[in-house]
Amino acid sequence: MRVFVADTGIVSALGADVESNLCRLLDMQHGLCFKSSYIDPDTDYYVGRVDLSNEELCSMLDAKTKLSRTSLLSLHAVNGCLKKLYMPCRLGFISGTTVGGMERSESFFGKYISRTGTAKIGDIIYHTCGSATSSIAYCLPELSYISTINTACSSAANAIMLGAQKIKSGQLDAVIAGGSDSLCRFTLNGFRSLMILDDDRCKPMDLNRSGLNLGEGAGYLLLISEDFVEKHGISPLCELKSYANVNDAFHATALSGEGEGPYLAMKQTLDRVGLSTGEIDYINLHGTGTENNDMAESAAILRLFGEKYPLSSSTKPYTGHTLGASGGIEAVFSVLAIREQKVFPNLNFTEPMNPGTVPVLKPEAHRIRYVLSNSFGFGGNCSCLLFAKI
Amino acid sequence: MMKDRIYIRSCSCISAQDTFASPAWAESIRSPENGLYRCMEPDYRDIIDPAFLRRMNRVQKFGLCTALNSLRDVDARLDAIIFATGWGCIDSTYRFLERLFDQKELPVNPAVFIQSTHNTIAAQTAIYLKNKSFNSTISDNRLPFELAMDNAILCLQDSDSRNILLGACDELTPQLLDILNRISKFGKPEPLYGEGGACFILSKEEENGIAEIRYFASIPGRDMPETVNDLSVRYSIDYIFTLHSNGFFPDDIPQIQYTNYFGDFPTCAACGFWLALDCLNSKNPPIPCARNILLVSENKHGMAFITVVGKIF
């Protein structure tokens with residue numbers, strides 16, 4: 002059973018729908034703002050913030066006011082990808098997240114830990130990762146399957162892979178798959194304490210890169226089966242052709258220097274469908290802008306593809322690193338690259354690593370048939386998705 | 002729903018009972034203390050490299066320790082490592098939050114932050130075993146273990162994978178317990194909370210298997226009573242294992258509530274599954290004469306999982 006992408010939904014620092022995200026990618030306009038102090042008064046870093054408050058999201062979505070920001074972002078993006086969904090069908094909702102309801106539970110924990118003020122139970126009930134997904138089930142068409150994945154920054158990519166497996170096995174007809182994460186003090190301070198936040202806007206793949214910018218948002222694909230395409234006469238956007246999930250098995254917070262995990266993820270994705278390296282037209286990089294990730298990813302690409310490596314770029318300078326959502330947001334961008342037959346330029350790049358891959362720097366039209374989307378996480382969780390033009 | 006026959010080759014469980022160390026654990030069943038089922042933990046230094054152990058939190062120890070124990074007598078290359086957790090690394094998470102909100106300065110040590118994500122349990126296991134294969138972590142409030150088993154079975158059927166490590170674990174902390182009790186004041190009577198972890202080697206190979214998964218599927222909750230009835234006849238079910246007792250099931254088949262041994266927590270079904278395997282294999286089973294056991298669980302969104310596990314003859 003083949004798996005197709007019927008539709009996409011997104012909310013990111015670039016905008017609250019697919020077309021506004023696309024416009025800004027093609028205009029090379031980033032969505033970052035130098036204003037993390039609204040999350041944590043003691044810090045100021047560039048962040049990719051979604052320009053909608055929880056109250057605005059709630060009223061737009063007609064949702065429960067207790068929902069976490071991660072759930073609200075998720076629901077907003079999911080609503081954008083349901084146009085070609087025909088019910089009844091066996092529908093799944095599989096979502097990746099790393100912080101779950103943390104942004105909301107921080108107001109509980111702040112009071113609970115410092116014993117000042119009343120810690121409100123309403124602020125903690127949707128804390129878990131599972132709640133980020135299940136708490137919005139009531140807003141969606143009837144679901145046969147709900148699951149949540151947390152493999153750090155590859156969470157959404159693995160949610161999409163699991164969605165494809167459920168459809169391929171014939172157990173589901175359609176799956177809403179992707180991920181969502183909101184900015185919060187927890188991750189902002191966590192990454193700050195790891196000293197991998199760039200003081201400036203991030204410079205993925207650049208020799209002088211010095212870290213990442215955090216972001217928030219959500220990105221989902223509506224995956225449908227071949228049978229569903231035929232039954233409802235849907236013209237899909239592209240095919241989800243292959244995928245792979247591996248572990249680098251090297252270190253808790255660093256990829257191996259030679260990029261063994263990234264290499265295996267990309268190689269197994271190609272091998273699974275017998276595609277040769279020369280057939281890949283574009284790689285949407287994980288490209289966080291950290292010293293370690295970009296070195297490992299670049300090394301893996303050179304090892305697998307050689308000097309004639311495909312066009313590549315990181316879109317994280319536009320959105321920030323949206324952690325558990327990034328694999329979903331970048332899957333949407335990969336689908337757009339096929340739809341538009343265009344590649345989105347990497348921002349802030351001036352000097353290549355040596356050795357290193359040089360990303361695309363201008364928005365140019367290209368023949369785009371096969372696109373790889375890379376997602377790598379702490380704990381060595383490396384995943385890769387392959388999208389194909391129909 | 003299952004294309005290939007799937008077997009369990011080994012298992013291991015850390016729980017409130019002496020399930021990790023003693024095959025005769027059922028001879029002295031422990032009751033909850035102060036309304037809680039706390040784990041009987043082994044001396045981890047006997048099992049995990051001390052240099053590695055120093056950097057691990059408690060729930061990661063549940064995971065890695067049961068993983069290593071379940072691999073002790075199994076000579077198999079693992080094609081996937083899949084873990085389930087509901088609460089994740091809640092202690093590390095809380096400790097980082099404490100630094101954030103209690104100390105008047107920003108935290109400088111990233112150690113507890115690094116240990117706070119759910120995927121560190123499966124990831125540490127991969128690093129420890131130097132295993133580069135498929136690696137994933139499923140989270141859910143009610144069915145994380147069942148969803149992880151679903152993912153494991155999909156992986157066995159979607160690829161040439163042959164052996165998969167399936168694990169599940171959750172830990173209780175004083176703060177978590179306090180918060181759970183505050184939440185449940187607004188709801189039903191407070192459950193007896195527990196904690197624990199279990200690991201299983203799932204395999205397409207029957208050789209040296211300890212049990213077979215005869216049936217596994219997720220179904221709509223509304224179809225559950227009828228499906229359980231049908232399967233009870235088809236597989237000559239001796240016992241039905243549930244989280245909570247349920248009046249819909251056949252009267253003539255005894256129901257076992259595994260929370261009475263382990264307490265209630267998101268992945269307690271993993272301990273329930275371990276208990277089922279123990280009943281099928283042990284010389285001192287807590288529940289006698291079992292050949293086929295049906296396990297059933299359901300979430301509030303109308304999604305149910307049914308597993309039938311039986312002896313290999």
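Listed in order, the protein sequences are those of chains A and S.
Everything in the first sequence is counted per this note's numbering, starting at 2 for the first residue and increasing by one.
Everything in the second sequence is counted per this note's numbering, starting at 2 for the first residue and increasing by one.
All residues carry an ideal CB built from backbone N, CA and C; glycine is no exception.
These numbers were taken from a predicted model, which means no experiment stands behind them.
Residue i, enclosing alpha helix (DSSP H) - first and last residue
{"i": "ARG186(A)", "result": "186 to 194"}
{"i": "ASN182(S)", "result": "175 to 185"}
{"i": "SER170(A)", "result": "Where SER170(A) is concerned, there is no enclosing alpha helix (DSSP H), given that its DSSP letter is neither H nor E."}
{"i": "GLU298(A)", "result": "292 to 306"}
{"i": "ASP231(S)", "result": "225 to 235"}
{"i": "LEU157(S)", "result": "145 to 159"}
{"i": "SER335(A)", "result": "327 to 341"}
{"i": "SER314(A)", "result": "Premise fails: SER314(A) lies in the beta strand (DSSP E), 312 to 314, not in any alpha helix (DSSP H)."}
{"i": "ASN282(S)", "result": "269 to 282"}
{"i": "THR121(S)", "result": "121 to 130"}
{"i": "ASN285(S)", "result": "Note, ASN285(S): premise wrong, no alpha helix (DSSP H); not H, not E."}
{"i": "GLU231(A)", "result": "227 to 233"}
{"i": "TYR319(A)", "result": "317 to 320"}
{"i": "THR260(S)", "result": "260 to 263"}
{"i": "ILE115(S)", "result": "112 to 115"}
Buried versus exposed call for residue i [16 or more other C-beta atoms within 10 Å across all chains shown]
{"i": "ALA25(S)", "result": "exposed"}
{"i": "SER72(A)", "result": "buried"}
{"i": "GLU172(S)", "result": "buried"}
{"i": "MET304(S)", "result": "buried"}
{"i": "ASN355(A)", "result": "exposed"}
{"i": "ASN349(A)", "result": "buried"}
{"i": "SER162(S)", "result": "buried"}
{"i": "VAL234(S)", "result": "exposed"}
{"i": "ILE391(A)", "result": "exposed"}
{"i": "LYS343(A)", "result": "buried"}
{"i": "THR119(A)", "result": "exposed"}
{"i": "CYS290(S)", "result": "exposed"}
{"i": "ASP151(S)", "result": "buried"}
{"i": "VAL229(S)", "result": "buried"}
{"i": "PHE249(S)", "result": "exposed"}
{"i": "GLN30(A)", "result": "exposed"}
{"i": "GLU308(A)", "result": "exposed"}
Range of the contiguous beta strand (DSSP E) that encloses residue i
{"i": "PHE377(A)", "result": "371 to 377"}
{"i": "TYR146(A)", "result": "146 to 150"}
{"i": "LYS242(A)", "result": "239 to 248"}
{"i": "CYS200(S)", "result": "197 to 204"}
{"i": "ASP171(S)", "result": "164 to 171"}
{"i": "ILE214(S)", "result": "212 to 221"}
{"i": "LEU276(A)", "result": "Here LEU276(A) belongs to no beta strand (DSSP E), and DSSP marks it neither H nor E."}
{"i": "ARG25(A)", "result": "Counting along the chain, ARG25(A) falls outside any beta strand (DSSP E), though it belongs to the alpha helix (DSSP H) covering 19 to 27."}
{"i": "ALA389(A)", "result": "382 to 389"}
{"i": "ILE353(S)", "result": "Because residue 353(S) is not part of the residues shown, which for chain S are 2 to 314, the question remains open."}
{"i": "ILE11(A)", "result": "4 to 12"}
Min CB distance residue i to chain C below 9 Å
{"i": "MET225(S)", "result": "The chain labelled as chain C is not found among the protein chains of the depicted structure, namely A and S."}
Contact test: residue i Cβ vs the ligand GDP heavy atom, cutoff 8 Å
{"i": "SER117(S)", "result": "This structure simply doesn't include the ligand GDP, nor any ligand for that matter."}
Cβ-based contacts, 9 Å cut-off: residues of the stretch 243 to 256 of chain A near chain S: ALA245, ASN246, VAL247, ASN248, ASP249, ALA250, PHE251, HIS252, ALA253 and THR254
Residues of the stretch 28 to 59 of chain A whose Cβ lies closer than 9 Å to any Cβ of chain S, in chain order: ASP41, ASP43 and THR44
Chain S contacts from the stretch 297 to 314 of chain A (Cβ-Cβ distance under 7 Å): none
Runs of alpha helix (DSSP H) lying entirely within the stretch 85 to 132 of chain A, each at least 4 residues, in chain order: 103 to 115
The stretch 283 to 314 of chain S: positions lying closer than 9 Å to chain A by Cβ: ASN300, LYS301, HIS302, GLY303 and MET304
Under 7 Å (Cβ pairs) to chain S, residues found in the stretch 77 to 96 of chain A: none
Uninterrupted alpha helix (DSSP H) stretches inside the stretch 29 to 101 of chain S (no shorter than 4 residues): 51 to 54 and 59 to 72
Near-chain A residues of the stretch 76 to 90 of chain S - C-beta to any C-beta below 8 Å: ILE82, GLY87, TRP88 and GLY89
3-residue-minimum beta strand (DSSP E) runs that sit fully inside the stretch 34 to 83 of chain A, ordered along the chain: 47 to 49
Contact residues within the stretch 102 to 120 of chain S, judged by C-beta distance below 7 Å to chain A: PHE102, ASP103, LEU107, PRO108, VAL109, ASN110, PRO111, PHE114, ILE115, THR118, HIS119 and ASN120
Positions along the stretch 118 to 137 of chain S whose CB lies within less than 8 Å of some CB in chain A: THR118, HIS119, ASN120, THR121, ALA123, ALA124, GLN125, ALA127, ILE128, LEU130, LYS131, ASN132, LYS133, SER134, PHE135, ASN136 and SER137
Three or more C-beta pairs below 8 Å linking the stretch 378 to 385 of chain A and the stretch 191 to 201 of chain S: no
Interface residues of the stretch 173 to 184 of chain S facing chain A [CB-CB below 7 Å]: ILE180, ARG183 and ILE184
Short-range partners of chain A found in the stretch 208 to 221 of chain S, where Cβ spacing is below 8 Å: SER219 and PRO221
Within 9 Å of chain A by C-beta, residues of the stretch 44 to 58 of chain S in sequence order: ARG56
Meets three-Cβ-pair contact criterion under 8 Å: the stretch 78 to 92 of chain A and the stretch 141 to 160 of chain S: no
Cβ contact (3+ pairs, closer than 8 Å) linking the stretch 41 to 48 of chain S and the stretch 360 to 377 of chain A: no
Where the stretch 136 to 160 of chain A meets chain S: residues whose CB sits under 9 Å from a CB there: ALA138, TYR139, GLU143, LEU144, SER145, TYR146, ILE147, SER148, THR149, ILE150, ASN151, THR152, ALA153, SER155, SER156 and ASN159
Segment contact, 8 Å Cβ cut-off, at least three pairs: the stretch 210 to 220 of chain A with the stretch 234 to 253 of chain A: no
At least 3 beta-carbon pairs within less than 8 Å: the stretch 317 to 329 of chain A vs the stretch 265 to 276 of chain A: no
At least three beta-carbon pairs within less than 8 Å, the stretch 86 to 94 of chain S to the stretch 105 to 119 of chain S: yes
At least three beta-carbon pairs within less than 8 Å, the stretch 268 to 285 of chain S to the stretch 210 to 222 of chain S: yes
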